[in-house]
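Structure record follows, encoded as structure tokens.
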Amino acid sequence: MSENQNLLAEQRRALILDEVRRRGGVRVNELTRKLGVSDMTVRRDLDALARQGVLEKVHGGAVPIVEASTHEPGFEAKSGLELSAKEDIAQAAAALVAPGSAIALSGGTTTYALAHRLVDVPDLTVVTNSVRVADVFHTAQRLAAKGQSGATVVLTGGVRTPSDSLVGPVADQAIRALHFDLLFLGVHGISVEAGLSTPNLAEAETNRSLVRSARRVVVVADHTKWGTVGLSSFASLEQVDTWVTDAGLPAEVRTEISERLNRLVVAGEASGDGAGEESGEESGRESGQESGEGASAEA
């Protein structure tokens with residue numbers, strides 16, 4: 001009996017989706033043999049993935065849904081996907097933030113989840129181009145006890161995107177004048193070939209500005225973002241210091257990207273503390289960061 005029979009449904013579905021994307025389609029009987037589960041279990045998994053809109057069921061199996069590289073889902077459409085994964089990622093990422101830090105949070109539903117975890121961290125300075133993220137901190141300040149100081153929030157100007165990010169020349173100029181210790185970056189897609197990408201050209205340029213201004217770059221993205229490629233790339237994997245993801249990321253992918261990242265944090269796999277396991281070898285780039293060299297600056 002296959003060892004994969006005991007996988008959680010979420011992990012099993014991640015493996016199925018990876019097979020579909022990697023091979024361009026799979027049959028039900030192939031998945032039952034690979035995963036060591038019943039035909040009915042596989043069909044339920046395919047139904048669930050089809051409802052999420054990440055694959056299309058066909059007679060006897062499934063094929064990937066090919067979206068235009070310019071397709072950009074709205075904030076509300078994305079906010080209901082992978083909720084447990086985003087919460088795990090947010091918890092693990094929040095542990096990287098020290099009191100008194102200057103941090104930046106890009107737009108996105110995962111950074112939005114992270115913002116809720118950071119409202120109680122003392123003396124933060126938060127730079128963001130996300131209207132939703134700024135609202136989290138402003139709401140927390142209004143609800144705080146009288147006399148209690150909250151984070152200092154800098155919201156860039158700019159043109160609003162479907163994902164409620166502010167982008168364009170106004171945002172870029174504001175960001176380029178600033179410097180922050182940590183950037184938490186949500187992404188539309190991540191892959192070896194394309195690096196970090198987005199379907200929005202203006203957002204790509206604003207994200208480049210965020211990366212240039214950050215001492216360290218932390219990507220917060222669930223496993224479904226792996227293999228997705230948007231219209232415009234804005235950073236390579238080598239410019240990322242840490243990727244915080246969830247347990248649905250297949251083992252073979254973890255091995256593949258560990259050679260390109262200083263640090264991979266898999267949220268939800270630690271022994272009960274939710275911090276996640278870490279993999280990947282530290283390289284000379286990390287020692288350069290600690291001495292003040294911004295590894296996120298573009299070559």
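In full-length UniProt numbering, the protein residues as written are 1 to 299. Every residue gets a Cβ at the ideal spot worked out from N, C-alpha and C, and that includes glycine.
Self-check item: Closest Cα partner of L35 within the set L8, R22, A115
Solution: Considering only L8, R22, A115, the residue with the shortest C-alpha distance to L35 is L8.
Practice problem: Identify the continuous beta strand (DSSP E) that holds S191 and give its terminal residues. | Solution: 189-191 is the extent of the beta strand (DSSP E) around S191.
Quiz item: Do you know how far the Cα of T139 is from the Cα of L196?
Solution: T139 has its alpha-carbon roughly 31 Å from the corresponding atom of L196.
Self-check item: Cβ-Cβ distance between D246 and V217 below 7 Å
Solution: Result no, Cβ atoms of D246 and V217 do not sit closer than 7 Å.
Self-check item: Exposure of V58, with buried meaning 16 or more beta-carbon neighbours within 10 Å
Solution: Exposed, because fewer than 16 other Cβ atoms sit within 10 Å of the Cβ of V58.
Exercise. Consult DSSP for R260 and reduce its assignment to one of helix, strand or coil.
Key: Of the three classes helix, strand and coil, the one that applies to R260 here is coil, per DSSP.
Quiz item: Do you know how far the Cα of E193 is from the Cα of L105?
Solution: One C-alpha to the other measures close to 25 Å.
Quiz item: Between which two residues does the alpha helix (DSSP H) harbouring L46 extend?
Solution: Here the alpha helix (DSSP H) through L46 covers 39-52.
Quiz item: Are there 16 or more other CB atoms within 10 angstroms of the CB of A177, so buried, or fewer, so exposed?
Solution: By the Cβ neighbour-count rule, A177 is exposed, with fewer than 16 other Cβ atoms within 10 Å of its own.
Self-check item: Segment limits, alpha helix (DSSP H) that includes L17
Solution: Element bounds for L17: 9-23.
Quiz item: Hey, which unbroken runs of the beta strand (DSSP E) at 3 residues or more fall wholly within the region 143-218?
Solution: Listed in chain order, they are 152-155, 180-185, 189-191, 195-198.
Practice problem: Could you check which residue in Q52, D135, S163, G158 has the C-alpha nearest to that of G150? | Solution: Residue D135 is the option with its Cα nearest to G150.
Exercise. Could you have a look at D241 and say whether DSSP puts it in helix, strand or coil?
Key: Three-state result, D241: coil.
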